[in-house]
Structure formats: C-alpha cells, structure tokens
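Counting from 6, one number per residue, gives the positions in the sequence shown under our numbering. Note that beta-carbon positions come from the ideal geometry of N, C-alpha and C, so glycine has one too. Treat the numbers as computed from the prediction; the structure is a model and nothing was measured. Take a look at the structure below.
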Amino acid sequence: MRHAGDSGLAWWLRAKMALRSGSLQDAAAAYAKAAAAFPADESWGEQRGENYAQETIIPDCRIAGEQAILALNRGDYLQALTLLYRSKDLYWADVADVAERVLTIDELKAFVDKQVPPPSQPIKPVEPDVYNGQVLTPDIQLRELLARRLMRAGRYQEAQNYFAVPNFRAAAQQLAQQFNMARQSSNARLARAQAYYQAATLLREQGLELTGYEMTPDYAIYGAGYSYLGDAFDTRELTHKSWIGAAEAARAAKALPPQDNRFLHYRWQAVAAAQKAADLLPPKSQAYGAVLCNAASWVIKRDAKTGRALYKRYLANGKPDAALSQFGEHCPAPDFKALTAKS
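Structure representation (structure tokens):
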C-alpha cells in the first residue's frame with residue numbers, strides 16, 4: 006500500500022488494513038482522507054456482497070457507514086447517527102437501530118430538532134395496505150420513529166410534534182386522551198374502564214403506527230410482515246469479533262420493552278390495558294367477560310399461556326355466558342351501556 010497513491014480508494018483500503026492490524030487511530034485517519042476524496046453523488050451502482058445480497062454502493066455513504074461503526078465502538082453515538090444519516094434511506098435499517106436503540110430519547114430528540122426538519126407540505130393520511138402514491142421521506146420516517154419512542158415513554162404531548170402523518174397524529178392524541186382519562190382516579194370507575202378499553206383497542210389496531218418499534222421486536226420497517234430477523238445487537242452466536250461495545254449493548258437492551266419483548270409487543274400492552282379495564286368492572290357483568298375475551302383474542306395464537314390466564318380469570322370471577330363459549334376466538338363487544346343504565 007505504500008505505493009498505492011493518494012486516491013480515495015487507496016485510503017479506503019489503508020483504513021481496512023489498519024483495522025485488520027488493530028490500529029483504530031490509523032484507520033480513523035485513513036477513513037477521513039478517503040471520505041474527503043469521493044464526491045457525494047458518485048455511485049458504483051448495484052453490487053452483490055459476500056452473502057450475495059444486492060447493495061447500491063455510493064462510496065461517500067459507504068465510507069460514512071464504516072466510520073459510524075468506529076464512532077459507535079468509541080461511544081460517540083451522536084456522531085455515528087450523523088454519519089449513518091448521510092445515506093438517508095440507503096442504510097435506513099442501521100439508522101433506525103441506532104436512533105431507536107442506542108441514542109437516548111432526549112439525544113434523538115435533540116438530533117431530530119437540529120438535523121431533521123418537518124415536512125414543508127402537509128402529508129396525506131396513510132392507510133394500511135392502501136397505496137396513495139405518497140413517499141414518506143427518511144426525514145418523515147425518522148420523525149415518526151421519534152414520535153413512537155416518545156409515545157412508548159408516555160411523553161404523549163411531545164410526541165404530537167413529530168407525527169407527520171395526520172391520521173397517526175390524531176390516533177396518538179386519542180390514545181393519550183384515553184389513557185389520561187383512565188388514569189385519573191377521580192373519574193367514575195365505569196368511565197375509567199371504558200377509557201382503558203378504548204386505549205387497549207387502539208393499541209391492538211394501530212399499535213404499529215403509534216408505539217411500534219421500527220426494528221426489533223416489531224419491524225415496522227417491513228410493515229410488521231417479518232418477525233424472524235433477530236436482534237442486531239444480540240452477538241451471542243457470532244463466530245467473529247463484534248464491534249458492539251458493552252456500553253452500546255447496554256443501551257440497546259435498555260431500549261427494548263421491559264415486559265413482553267416479542268414480535269408485535271404492543272398487543273401485550275393492549276392486553277395489559279384491557280386487564281385494567283376489567284379491574285374496574287363488576288365481575289358478573291357482560292362487559293367484564295367480553296373485555297377479557299377480546300383481550301385474549303389479541304394474543305392467544307401467539308401466546309397460549311396469556312390466553313389461558315385470561316380465560317381462568319373469567320372462569321374464576323365472571324358469570325357464565327353462551328356468547329363467550331369460544332373464548333379468545335369469537336367475542337362480543339363489551340356492553341358498557343348496560344352498566345350505565347343500571348347505575
């Protein structure tokens with residue numbers, strides 16, 4: 006490499022050779038020279054990697070991505086996201102992992118406020134499985150990712166500022182209102198129960214858009230169509246050296262759901278809210294059994310244990326109801342009006 010010259014490719018190769026020899030400082034210096042040598046718009050087109058997967062190679066973005074790995078390794082997480090975000094959607098999965106799992110919420114919020122402007126034009130509503138010709142830019146996607154993180158943390162008011170899709174923002178407002186009403190102990194028990202159940206159904210039906218993870222465990226990046234990709238921060242089965250340091254791994258683990266860390270995790274959050282609704286209802290009422298039945302239906306095919314626990318709760322406390330003969334499979338809507346009439 007001594008006679009390779011001063012080209013960007015030569016410095017890129019020097020960076021990799023420095024990494025191979027374990028000299029991170031020399032690698033960082035070589036990467037800096039390589040990064041300065043390539044125009045931002047230079048593209049080498051699609052190439053296949055060693056795993057035969059196709060990748061569009063834009064040297065400026067690829068070098069920045071490799072620099073980001075070094076930044077993560079030395080604990081410079083904001084710099085890592087800055088470098089990765091230069092690629093926008095090219096390495097979106099990596100951007101999402103760092104934004105969602107490595108940065109704290111406040112670090113991500115500061116980054117978005119400084120680097121990721123809101124859309125200049127209003128965004129049209131987005132409906133699942135309906136194509137409306139609208140492209141959600143990486144800026145919009147990152148703001149939505151932040152909004153969902155804020156929602157998961159219960160920071161509902163702040164989250165509204167980052168939902169760009171109007172129907173997602175409206176649903177988030179509704180979810181916040183229902184939880185706020187449900188948690189207000191001065192409200193009537195029935196009103197609180199209804200609010201908890203409304204929040205639960207919102208989480209079940211729109212949880213991906215409101216509180217879902219872009220990557221592990223929900224994979225909103227793929228419309229929750231895949232669940233087998235695994236956790237990028239889980240290095241237990243690696244046969245080669247991992248660049249993920251202990252501090253980065255700890256941050257990534259802390260960002261996962263504290264309970265029910267599984268695919269479509271928000272369904273279990275919905276079940277938890279429904280159980281709180283049941284806590285506030287007369288056990289012998291139709292609404293009590295119906296709430297538990299519906300809650301079971303949201304997870305029973307993925308989590309038979311939770312489904313059985315809900316059924317046992319109904320058997321122990323509820324009253325027999327022919328409409329619940331297929332508990333967790335076919336469930337009537339809770340009749341809250343019947344309780345209102347009795348009160």
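Tell me the DSSP secondary structure of residue i in three-state form.
i: R91; result: coil
i: S26; result: helix
i: L215; result: helix
i: T109; result: coil
i: S302; result: helix
i: M220; result: coil
i: K324; result: coil
i: N185; result: helix
i: N172; result: helix
i: W17; result: helix
i: R256; result: helix
i: Y231; result: coil
i: L86; result: helix
i: F116; result: helix
i: E210; result: helix
i: A193; result: coil
i: Q178; result: helix
i: D31; result: helix
i: L261; result: coil
i: Q291; result: helix
i: Q203; result: helix
i: I128; result: coil
i: R313; result: helix
i: R267; result: coil
i: R307; result: coil
i: R241; result: coil
List the DSSP bridge partners of residue i.
i: R53; result: Q59
In whole angstroms, what separates the C-alpha of residue i from that of residue j?
i: E214; j: A23; result: 43 angstroms
i: N299; j: D223; result: 21 angstroms
i: T240; j: P337; result: 45 angstroms
i: A35; j: A254; result: 27 angstroms
i: L208; j: A275; result: 5 angstroms
i: L86; j: R256; result: 15 angstroms
i: Q139; j: D236; result: 30 angstroms
i: K21; j: R148; result: 34 angstroms
i: D265; j: W273; result: 7 angstroms
i: A39; j: A69; result: 10 angstroms
i: K310; j: G294; result: 18 angstroms
i: H270; j: L285; result: 24 angstroms
i: V131; j: N172; result: 7 angstroms
i: A346; j: V121; result: 51 angstroms
i: P339; j: A164; result: 30 angstroms
i: A104; j: A158; result: 15 angstroms
i: A45; j: Y96; result: 15 angstroms
i: G228; j: G13; result: 38 angstroms
i: P64; j: E71; result: 10 angstroms
i: L81; j: G250; result: Reading the sequence as shown, one finds Asp at residue 81 and not Leu. Roughly 12 angstroms between the two C-alpha positions.
i: K317; j: G333; result: 12 angstroms
i: L329; j: R313; result: 14 angstroms
i: Q189; j: A115; result: 31 angstroms
On the DSSP letters alone, give me the boundaries of the alpha helix (DSSP H) that residue i sits inside.
i: E334; result: Premise fails: E334 is in no alpha helix (DSSP H) and is neither H nor E.
i: K347; result: F341 to K347
i: Y271; result: H270 to D284
i: Y161; result: Y161 to A164
i: L97; result: First, the amino acid is wrong: residue 97 is Trp here, not Leu. It spans W97 to D102 - the alpha helix (DSSP H) in which W97 sits, taken as one unbroken run.
i: I68; result: P64 to N78
i: Q146; result: P143 to R157
Subject >> Validate contact between the segment 140–150 and the segment 87–104 using beta carbons, cut 8 angstroms, 3 pairs >> reply: Touching, yes.
Original post:
Is the segment 265–284 touching the segment 107–117 in the sense that three or more CB pairs, one from each, lie closer than 8 angstroms?
Top reply: Contact annotation: the segment 107–117 does not touch the segment 265–284, with fewer than three C-beta pairs closer than 8 angstroms.
**OP:** Mind the definition here: the segment 198–205 touches the segment 172–185 only if three or more C-beta pairs lie below 8 angstroms; say whether that holds.
**Re:** Flag = yes, the segment 198–205 and the segment 172–185 touch.
Original post:
So does the segment 118–127 actually touch the segment 154–162, counting three or more Cβ pairs closer than 8 angstroms?
Top reply: Result no; under three Cβ-Cβ pairs closer than 8 angstroms.
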